[in-house]
Amino acid sequence: DQQVKQNSPSLSVQEGRISILNCDYTNSMFDYFLWYKKYPAEGPTFLISISSIKDKNEDGRFTVFLNKSAKHLSLHIVPSQPGDSAVYFCAASGVGANSKLTFGKGITLSVRP
Amino acid sequence: EAQVTQNPRYLITVTGKKLTVTCSQNMNHEYMSWYRQDPGLGLRQIYYSMNVEVTDKGDVPEGYKVSRKEKRNFPLILESPSPNQTSLYFCASSSSRNSYEQYFGPGTRLTVT
């Protein structure tokens, strides 16, 4: 049973526009959420995270929103740039140090010049 | 430079021939983990280690072994590889203070024929 779901496998947006990547989770014990970005032939790299006590976290062009009641989070990239084209993984973790990360399947973002 | 290294990056082998994929990190991280990435399945954890001599199973441990004799190294061992272990493998590490934000290696593409 997939506890972290990224239901859209791909997204294509125009350069300069907003990219919105969605993620849903089923486990109410998750309390920390992360987004990782992955380029081809490289390992995933940490992008941004949010704790369950917050509903928004912003880092430059990247903002993550968390809606706990809906068990939904989203990553907004504004403005989108061609260099943002990559696979984005949503991940979630439970309480406590060294709690394992549960990843979604990933979504491929393509930003058209 | 802080990094996680994996070797080899690419490996083609035959069914039943034992192999080891090495993983090393230079950040003095306590926590290390192995993942496999498969199309449509995202990243799934194979094994993890919270510190030297402390290892535990992840979500898909069957057919794999690990050891953690030194803090910096966390090799993944396939005693008798099978074609269903053909995958892209990632090693990751993180500090015990912030175990959520894992640093990933570049990946090892394994093909078992």
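Sequences listed follow chains A and B, in order.
Heads up, my numbering is the position in the first sequence plus 28, with the first residue counted as 1.
Heads up, my numbering is the position in the second sequence plus 166, with the first residue counted as 1.
Virtual Cβ for every residue (Gly too), placed ideally from N, Cα, C.
Quiz prompt | Beta-carbon spacing of glutamate 167 of chain B, serine 261 of chain B below 8 Å | solution = It is not a contact, given that the beta carbons lie outside the stated cut-off.
Self-check item: Short-range partners of chain E found in the stretch 48-61 of chain A, where Cβ spacing is below 7 Å
Solution: No chain E is present in this structure, whose protein chains are A and B.
Exercise. Count the C-beta pairs between the stretch 96-105 of chain A and the stretch 40-50 of chain A that are closer than 8 Å, then say yes if the count reaches three, no if not.
Key: yes
Quiz item: Looking at the unbroken beta strand (DSSP E) that takes in arginine 281 of chain B, where does it start and where does it end?
Solution: Outside the shown range of chain B (167 to 279) lies residue 281 of chain B, about which nothing can therefore be said.
Practice problem: Would you please verify whether the beta carbon of tyrosine 176 of chain B is less than 8 Å from any beta carbon of chain A? | Solution: No, no contact with chain A.
Quiz item: When the Cα atoms are used, what is the spatial distance from proline 141 of chain A to leucine 39 of chain A?
Solution: Looking at the two C-alpha atoms, the distance is approximately 14 Å.
Quiz item: Just how far apart, CA to CA, sit leucine 244 of chain B and glycine 229 of chain B?
Solution: 6 Å
Quiz item: Looking only at C-alpha atoms, which of B:Gln191, B:Ser199, B:Gln203 and B:Ser190 sits nearest to threonine 252 of chain B?
Solution: B:Gln203
Exercise. Reducing DSSP to helix, strand and coil, say where lysine 112 of chain A ends up.
Key: One detail in the question is off: residue 112 of chain A reads as aspartate in this sequence, not lysine. The three-state secondary structure of aspartate 112 of chain A, taken from DSSP, is helix.
Quiz item: Can you give the Cα-Cα distance for leucine 129 of chain A and glycine 122 of chain A, rounded to whole angstroms?
Solution: 8 Å
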